[in-house]
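Data first, discussion second: the structure below is written as structure tokens.
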Amino acid sequence: MNKYLTYGLLAVAFVLVAYNSVYFKKLSAMTVISTGKFDAGKFTKKLWAERLPAKLDSAIALNDLIVAVKANPADAFSKYSNTLGIGNYRYCLVKVTGVATEINPDDITIAVNSAEPSMNIKLATEYVYGNAIRDASGLVDIKDFSNNMDLNNISAELNKKVREEVLPAFKSTVKKGDTVQVIGAIELNKEHIKFNDLELIPVQLKIQ
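Be aware that the sequence shown starts at 1427, since it is given in this note's numbering, and climbs by one per residue.
Take a look at the structure:
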């Protein structure tokens, strides 16, 4: 084979290898990814202190959410719900005022001051787990994380804050008949919408 042709083929091969070894990635995709291990506790502490309060202030009243869903479900879910996954389950950040009618070891039944008669919700006071708070807040973007473990750890840290910082004082004080104000997360199935006996995962609690 002509030596010039041989050199030419080698040069082409080198260029192809070099090209395939280089890639570009948008800087926005690297928002959270770093060379160190992701610290879910530190991330959640900052989120809780700096960004979550504004979200709680803007939470929709449960009564208003019910009206919106009945009027136009697709529009209501688009405006007031979030999720990091796929499927029918959506999470909403809502505020509720009602009367504690039952105090149980794991939850409190609250009769909601609502246009709907005899509407009750279950306020979780013991088993605070899952992704409801993380997803309902709308503050965590799946595109900013490189793996599901980091996302799950954020949920775990948010739930831990509720269990250790929000619930203890409330549980030791609340009594049957008290009027309570709650801001928290609920889960709704878009295909099977039920509002009565919802479970509400609290983020902020107040006894009037």
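Just so it is clear, CB atoms sit at the ideal spot from N, CA and C, and this is done for glycine as well.
field: Straight-line Cα distance separating SER1504 from GLY1467
entry: 30 angstroms
task: Could you check what DSSP says for VAL1554 in three-state terms: helix, strand or coil?
output: Coil.
field: Three-state class that DSSP yields for ALA1497 in the structure shown
entry: helix
Which listed residue (LYS1602, PRO1628, GLN1634, LYS1472) has its alpha carbon closest to that of ALA1562: PRO1628
Cβ neighbour criterion (16 or more within 10 Å) applied to LYS1451: Reliability of the predicted coordinates at LYS1451 is poor, the pLDDT of 39 falling under 50, and the value obtained from them is presented with this limitation in mind. Looking at its Cβ environment, which holds fewer than 16 other Cβ atoms inside 10 Å, LYS1451 is exposed.
field: For THR1605, three-class secondary structure by DSSP
entry: strand
- request: Starting from ILE1529, trace the beta strand (DSSP E) both ways and give me its first and last residue.
  value: DSSP places ILE1529 in the uninterrupted beta strand (DSSP E) bounded by 1515 to 1529.
message: Following a CB-centred definition, is ASP1483 positioned closer than 7 angstroms to any heavy atom of the ligand SAH?
response: Although the ligand SAH was asked about, the structure shown includes no ligands whatsoever.
task: Can you grab the Cα-Cα spacing for the pair VAL1592 / GLN1630, in whole Å?
output: 7 angstroms
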